[in-house]
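Just so you know, we're using our numbering here: the sequence shown kicks off at 1 and counts up by one.
Virtual Cβ for every residue (Gly too), placed ideally from N, Cα, C.
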Amino acid sequence: MKVALVSPYDWVVPGGVNSHCAHLREQFRARGHEVRIIAPASKEIDQPDVITIGTRPVSFPASGSLARISLSLTLGPPVRQVLAEEQFDIVHVHEPFMPVLPIHFLRYSEAVNVGTFHASRDKPQFFYTWGKRHVRRWARRLDGKIAVSPAAAHFVERYFPGYYNIIPNGVDVERFSAPVAPLPQYAHGKQNILFVGRPEKRKGLAHLIDAYTIVKAKRPDTRLIVVGAGKFDRFRQTVRSRRLADVEFAGYVTLEDLPRYHHTADVFCAPATGFESQGIVLLEAMAAGLPIVASNIEGYAGVLTHGVEGLLVRPGDPETLAAALLELLDGPERRRAMGERASARAQEFSWPRVSQQVLSYYERLLYERRPASEPATARAGGSA
Numbered sequence: 001m002k003v004a005l006v007s008p009y010d011w012v013v014p015g016g017v018n019s020h021c022a023h024l025r026e027q028f029r030a031r032g033h034e035v036r037i038i039a040p041a042s043k044e045i046d047q048p049d050v051i052t053i054g055t056r057p058v059s060f061p062a063s064g065s066l067a068r069i070s071l072s073l074t075l076g077p078p079v080r081q082v083l084a085e086e087q088f089d090i091v092h093v094h095e096p097f098m099p100v101l102p103i104h105f106l107r108y109s110e111a112v113n114v115g116t117f118h119a120s121r122d123k124p125q126f127f128y129t130w131g132k133r134h135v136r137r138w139a140r141r142l143d144g145k146i147a148v149s150p151a152a153a154h155f156v157e158r159y160f161p162g163y164y165n166i167i168p169n170g171v172d173v174e175r176f177s178a179p180v181a182p183l184p185q186y187a188h189g190k191q192n193i194l195f196v197g198r199p200e201k202r203k204g205l206a207h208l209i210d211a212y213t214i215v216k217a218k219r220p221d222t223r224l225i226v227v228g229a230g231k232f233d234r235f236r237q238t239v240r241s242r243r244l245a246d247v248e249f250a251g252y253v254t255l256e257d258l259p260r261y262h263h264t265a266d267v268f269c270a271p272a273t274g275f276e277s278q279g280i281v282l283l284e285a286m287a288a289g290l291p292i293v294a295s296n297i298e299g300y301a302g303v304l305t306h307g308v309e310g311l312l313v314r315p316g317d318p319e320t321l322a323a324a325l326l327e328l329l330d331g332p333e334r335r336r337a338m339g340e341r342a343s344a345r346a347q348e349f350s351w352p353r354v355s356q357q358v359l360s361y362y363e364r365l366l367y368e369r370r371p372a373s374e375p376a377t378a379r380a381g382g383s384a
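In structure tokens, the structure reads:
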């Protein structure tokens with residue numbers, strides 16, 4: 001089958017949705033399907049299967065972060081042209097109501113239209129509130145709806161009730177589970193706590209630094225490693241003002257090098273306070289065989305079971321977070337057992353498995369769309 005994967009986000013900027021589309025492309029092509037990725041881009045993309053529509057994305061607040069999207073009012077004609085030239089069987093829009101590229105595809109596509117909803121948050125989402133009034137008629141053009149987690153489904157169905165097929169984000173299990181050498185600069189007899197995330201309030205790093213202050217006072221042989229792109233100046237200032245030793249800000253780390261940080265760590269900590277629909281960083285750490293300490297928010301609790309692969313704690317509570325970290329740091333056998341179970345759990349989110357679930361969903365929707373006179377096997381797609 002021929003599939004369009006439509007992202008509203010600047011293809012030049014790495015992010016969860018763009019990574020999701022790139023992995024689906026890789027998996028679908030390996031199964032013999034033809035795939036195009038369609039997205040705005042702030043500079044030229046040298047990828048023959050990427051079609052850029054919208055060349056001046058702007059930053060816009062969304063779900064506690066900044067999204068780079070195209071707000072151009074002239075996207076309709078190029079969308080119609082691409083649809084006419086490519087003749088897709090499936091048009092799969094990600095974040096369907098994020099302005100404005102996905103909405104144009106829903107407006108003009110006569111293919112089987114599928115939407116994946118990635119976001120989750122506790123407070124109202126402007127785009128969904130706006131979309132409920134203004135894009136309801138285009139929402140009806142979705143033949144199938146996917147949510148990446150129960151948390152994402154619960155969020156979107158407040159605005160657009162209906163059935164949402166739960167198909168999770170995937171994780172590159174092979175990349176993160178492969179044995180790699182620990183980083184020598186962090187192999188000095190200390191136990192390492194790893195945080196991976198951007199310097200956004202919702203990621204909870206401030207709470208982790210508060211918790212680490214408690215941990216460090218009780219366990220001087222610990223180290224906190226912070227990995228992530230962005231400006232961590234205010235967190236560095238907090239560390240300096242407290243004269244807190246052994247907090248390492250590693251900055252941006254490439255995907256190729258990231259697993260070495262996981263294989264250097266003893267415990268992974270995800271202290272986010274909200275807006276997490278699933279938690280890719282959890283899955284990556286679990287694939288690497290790390291025990292987890294994470295906030296007990298819906299998106300994380302859907303991946304991690306308390307006491308099995310790690311520990312869930314109250315969000316925004318440094319004392320409870322510190323107690324959980326100390327509990328695992330003091331229990332090497334428990335860490336080992338949790339890491340093994342985390343590794344096994346991550347297999348359920350491998351990209352080959354997730355992508356096949358998506359393809360099977362496409363096939364069901366194509367089957368339901370077929371003319372009554374067409375044989376049932378005529379458009380099966382051959383992905384089994």
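{"query": "Among R243, R140, K203, P77, the one whose alpha carbon lies nearest that of P271", "result": "K203"}
{"query": "Burial state of D10 (16 or more Cβ within 10 Å)", "result": "buried"}
{"query": "Other residues of its chain near R314: CB distance less than 7 Å, five sequence neighbours each side excluded", "result": "N296, T320"}
{"query": "Nearest residue (CA-CA) to L183, options S109, A322, R31, E248", "result": "E248"}
{"query": "Beta-carbon proximity of H94 to P168, cut-off 9 Å", "result": "no"}
{"query": "V13 versus F28, P40, R29, residue with shortest Cα-Cα distance", "result": "P40"}
{"query": "DSSP three-state assignment for L325, whether helix, strand or coil", "result": "helix"}
{"query": "Burial state of Q47, where buried means 16 or more other Cβ atoms lie within 10 Å", "result": "exposed"}
{"query": "Three-state class that DSSP yields for H23 in the structure shown", "result": "helix"}
{"query": "Extent of the continuous alpha helix (DSSP H) to which G251 belongs", "result": "Here G251 belongs to no alpha helix (DSSP H); instead the beta strand (DSSP E) covers 247-251."}
{"query": "Boundaries (first-last residue) of the beta strand (DSSP E) holding V239", "result": "From DSSP, V239 is part of no beta strand (DSSP E) but of the alpha helix (DSSP H) over 233-241."}
{"query": "Three-state secondary structure assigned by DSSP to V91", "result": "strand"}
{"query": "Cβ neighbour criterion (16 or more within 10 Å) applied to G382", "result": "Summary for G382: the model assigns pLDDT 48, below 50, so the residue's position carries little reliability, and this model does not support an answer."}
{"query": "Residue range of the alpha helix (DSSP H) that includes A151", "result": "150-156"}
{"query": "Nearest-angstrom beta carbon gap, P259 and F176 [assumed within contact, 8 Å]", "result": "5 Å"}
{"query": "Classification of I166 by the beta-carbon crowding that lies within 10 angstroms, buried from 16 upward", "result": "exposed"}
{"query": "Between the CA atoms of V196 and P291 - distance to the nearest angstrom", "result": "14 Å"}
{"query": "Beta-carbon gap between V227 and R335 smaller than 9 Å", "result": "no"}
{"query": "Rounded separation between E284 and V173 - CA only", "result": "7 Å"}
{"query": "Opposing strand residues paired with E34 [DSSP bridges]", "result": "K2"}
{"query": "Nearest residue (CA-CA) to E276, options F28, H154, P96, R29", "result": "H154"}
{"query": "Backbone secondary structure at R223 - three-state DSSP", "result": "strand"}
{"query": "Under 9 Å between C-beta atoms of V293 and A337", "result": "no"}
{"query": "Closest by C-alpha distance to K2, when choosing among Y164, F88, R68", "result": "F88"}
{"query": "Beta-bridge partners of N113, as assigned by DSSP", "result": "V91"}
{"query": "Contacting residues, own chain, Cβ-Cβ under 8 Å from A380 (five flanking each side not counted)", "result": "Unreliable placement is indicated for A380, whose pLDDT of 46 sits below 50; the coordinate value is still reported in the next sentence. Same-chain partners within the cutoff: E363, L366, Y367."}
{"query": "Contact belief for L282 with V303 at Cβ below 8 Å, rounded distance in angstroms", "result": "5 Å"}
{"query": "Collapsed DSSP secondary structure at L366 in the structure displayed", "result": "helix"}
{"query": "Per-residue burial, K216 [other beta carbons within 10 Å of its own, 16 or more giving buried]", "result": "buried"}
{"query": "Segment contact flag, the stretch 224-244 with the stretch 325-332, C-beta cutoff 8 Å, min 3 pairs", "result": "no"}
{"query": "Contacting residues, own chain, Cβ-Cβ under 8 Å from R341 (five flanking each side not counted)", "result": "V308, E309"}
{"query": "Simplified DSSP assignment, three categories, for V12", "result": "coil"}
{"query": "Every unbroken beta strand (DSSP E) within the stretch 256-299, with a cutoff of 3 residues, ordered by chain", "result": "267-270, 292-295"}
{"query": "DSSP three-state assignment for A229, whether helix, strand or coil", "result": "coil"}
{"query": "Separation of D257 from T264, as counted between CA atoms", "result": "11 Å"}
{"query": "Beta carbon of G170 nearer than 9 Å to that of W351", "result": "yes"}
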